[in-house]
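FYI, the numbering for the sequence shown is 89 to 526, going by the working numbering.
C-beta atoms are modelled at their ideal positions from N, C-alpha and C, and glycine is treated no differently.
Read the structure below first, then the notes.
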Amino acid sequence: MFALRVHSVDDNHPLSISSNPNPNLGERRGMVHLFRSLSLATALPRTTSRTTLLFVVAVPNYLSSDDFIRFCGSHIDEVSELLVIRNDAVEDRYSVVIKFMNQLYADAFYCIFNGKRFSPGEAEVCHLLFMLSAEYTESADFACTPPSGFTELPTCPVCLERLDQDTSGILNTLCDHSFQCPCISKRTNLSCQVCQFCQQQDEKPTCFVCGTSENLWVCMICGFAGCGRYKEGHAIRHWKDAQHSYSLDLEKQQVWDYVGDSFVHRLNQSKADGKLAMMDSRCMSTEGDCGTYGCTDDSGISAALFSSKVEAIVDEYNHLLATEMETQRQYYESLLLEAKAKRESSVLEAVEKAVTSKMQDIQNELEKCLEEKKAVSDINQKLIKNQDLCRKKVKEIEEREILAIRSKDEKILDLEEQLTLLNCDNVRKLKDGNLVDM
């Protein structure tokens, strides 16, 4: 994965393109700083590192903005934003940041155009990178500071091309990224102080402080020329003052790193003895002319370079295979987890369905029991009412019987009294002899 920071004090300007007047096509000037994630060993896109933001590293300047839009073809309609970034210090090419509407469009554009030549008769190819982010800032310090977990890709101080074989969009360049005089002479822009010291020798270079012309070192950052530590040591003093770590030995054309306290020019491993062989790139300069340069002729260096490339490819594919296997493992583990989740979900659904059905049956039985209870309760209420009525009727009957008995008793008592009187009267008449037969 890559990240982009652009040091720019400019604003976005709309591109005046006749073929596609899209308001989301813009242009600005700035210096591009490209950062690469430390966790990735290659620039191959992986399933976890793809985004909708693509970066075209280098578009040759002979291809105008209109030509680049035509180069994109119908895919330009799938672009939500497109920004052309031009650097005034790099006159032969520019970069493009493209944001697509969705991931599918970005993947299709990458598959079609990555590695494709801009023009059939030219050597430059379209090199695309998936970007995690693209930031624009007016602060040079912030633009040069790598985000957490990223490192900046270096550029050639001569031609400003990316010194990374995976991200360089230019195949054939005028510069082969070395500081020999023939290399520098191929460049016409000599604004770089290092280039001036290597190529322009009308006057013999001297130390900026003490004026000595022996054992000179040139700062790779600002072009300060100072004498070595075996003279007055103005070069190392410049490093201590300005913290510019890299310095070029004008005589041997070797780069010294003050922080690491060692040379940092490229070393090749000899196949014959396995030792590190340094490329001898001494500048064969005379008093006023810049001649050719020589290299050591190690017959094993070419084989060692080829072997190192093969090993790098093997390591790359081993890393890719391990990553893909890990991805497949995670994929199938996710399938197993998904199947387990589906099974648990189906079991839970079945249990829930059975419980719901049982609860429904119980609810139905409860409602039936409640209905029966209500019916029995209604019957009971009716029976209670009937019982009250019966009790009232029985009570009334009992009261009437009591009254009737009482009335009869009174009549019997009255008859008994009348009978008693009659008997007394009859006795009295018998006594008087006046009883008359009836």
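Check, Outcome
"Leaving out five residues on either side along the sequence, give the residues of the same chain with a beta carbon under 6 angstroms from the beta carbon of residue 322.", "295, 297, 314 and 315"
"Mapping the DSSP letters down to three states, classify residue 214 as helix, strand or coil.", "coil"
"Would you report the Cα separation of residue 235 and residue 347, rounded to the nearest angstrom?", "21 angstroms"
"Between which residues of its own chain and residue 318 is the CB-CB distance below 7 angstroms, once the five residues before and five after are set aside?", "303"
"From this set, 452, 90, 464 and 309, which residue's C-alpha is nearest residue 125's C-alpha?", "90"
"Grouping DSSP H, G and I as helix and E and B as strand, with all else coil, what is residue 278?", "With a pLDDT of 46 at residue 278, under the threshold of 50, the predicted position of this residue should be treated as unreliable, though the coordinate-derived value follows. Residue 278: coil per DSSP, three-state reduction."
"Nearest CA to the CA of residue 167: which residue from 149, 189 and 345?", "189"
"Does the beta-carbon distance from residue 94 to residue 157 come in below 8 angstroms?", "no"
"By the three-class DSSP mapping on this structure, what secondary structure does residue 332 have?", "coil"
"Assign residue 531 to buried or exposed, taking buried as 16 or more other Cβ atoms, counted over all protein chains shown, within 10 Å of its Cβ.", "This structure leaves residue 531 out entirely; the chain is present only between 89 and 526."
"Could you check what DSSP says for residue 93 in three-state terms: helix, strand or coil?", "strand"
"Could you have a look at residue 164 and say whether DSSP puts it in helix, strand or coil?", "helix"
"Would you mind giving the Cβ-Cβ distance between residue 218 and residue 137, rounded to the nearest angstrom? I have them listed as a contact below 8 angstroms.", "6 angstroms"
"Taking the alpha-carbon of residue 169 as reference, which of 499, 112, 423 and 292 has the nearest alpha-carbon?", "112"
"Helix, strand or coil: how does DSSP classify residue 261 here?", "Note that residue 261 has pLDDT 43, beneath the 50 cutoff, so the model's placement of it is unreliable and the number below is only indicative. It is coil, neither helix nor strand."
"The beta strand (DSSP E) that contains residue 177, what's its start and end?", "No beta strand (DSSP E) holds residue 177; DSSP gives it neither H nor E."
"So the candidates are 476, 301, 160 and 127; which of them puts its Cα closest to the Cα of residue 527?", "One cannot answer for residue 527 here, as it falls past the ends of the chain, which runs 89 to 526."
"Buried or exposed: which applies to residue 256, given that a residue is buried once 16 or more other Cβ atoms fall within 10 Å of its Cβ?", "A caution first: residue 256 carries a pLDDT of 46, below 50, which makes its placement in the model unreliable, though a value can still be read off. With 16 or more other Cβ atoms within 10 Å, it is buried."
"Buried or exposed for residue 465, going by 16 or more other Cβ atoms inside 10 Å?", "exposed"
"Tell me the residue span of the alpha helix (DSSP H) that contains residue 199.", "191-201"
"In terms of alpha-carbon separation, which member of 114, 118 and 92 lies closest to residue 98?", "118"
"Quickly, what does DSSP pair residue 224 with across the bridge? List them, please.", "94"
"What is the DSSP secondary structure of residue 483, reduced to helix, strand or coil?", "helix"
"Could you tell me which of 163, 171, 120 and 140 sits nearest to residue 101, measuring between CA atoms?", "171"
"For residue 308, which of helix, strand or coil comes out of DSSP?", "coil"
"Around the C-beta of residue 181, are 16 or more other C-beta atoms found within 10 angstroms, so that it is buried, or is it exposed?", "buried"
"Closest to residue 143 by CA distance: which of 120, 510, 311 and 336 is it?", "120"
"Can you tell me whether residue 146 is buried or exposed? The criterion is at least 16 other CB atoms within 10 Å of its CB, across all chains shown.", "buried"
"Less than 8 angstroms between the CB atoms is what I'm expecting for residue 122 and residue 241, so what's the real figure, rounded?", "5 angstroms"
"Could you tell me if residue 160 is buried or exposed, where buried requires 16 or more neighbouring beta carbons within 10 angstroms of its beta carbon?", "buried"
"Does the separation of the CB atoms of residue 305 and residue 337 fall below 8 angstroms?", "yes"
"Does the Cβ-Cβ distance between residue 335 and residue 310 come in under 8 angstroms?", "no"
"Return helix, strand or coil for residue 298, following the three-state DSSP convention.", "coil"
"In chain order, what residues of the same chain have a beta carbon less than 8 angstroms from the beta carbon of residue 114, not counting five sequence neighbours either side?", "100, 101, 102, 103, 169, 170, 171 and 172"
"I need the straight-line Cα distance from residue 445 to residue 433, nearest angstrom please.", "18 angstroms"
"So, are the CB atoms of residue 206 and residue 151 less than 8 angstroms apart?", "yes"
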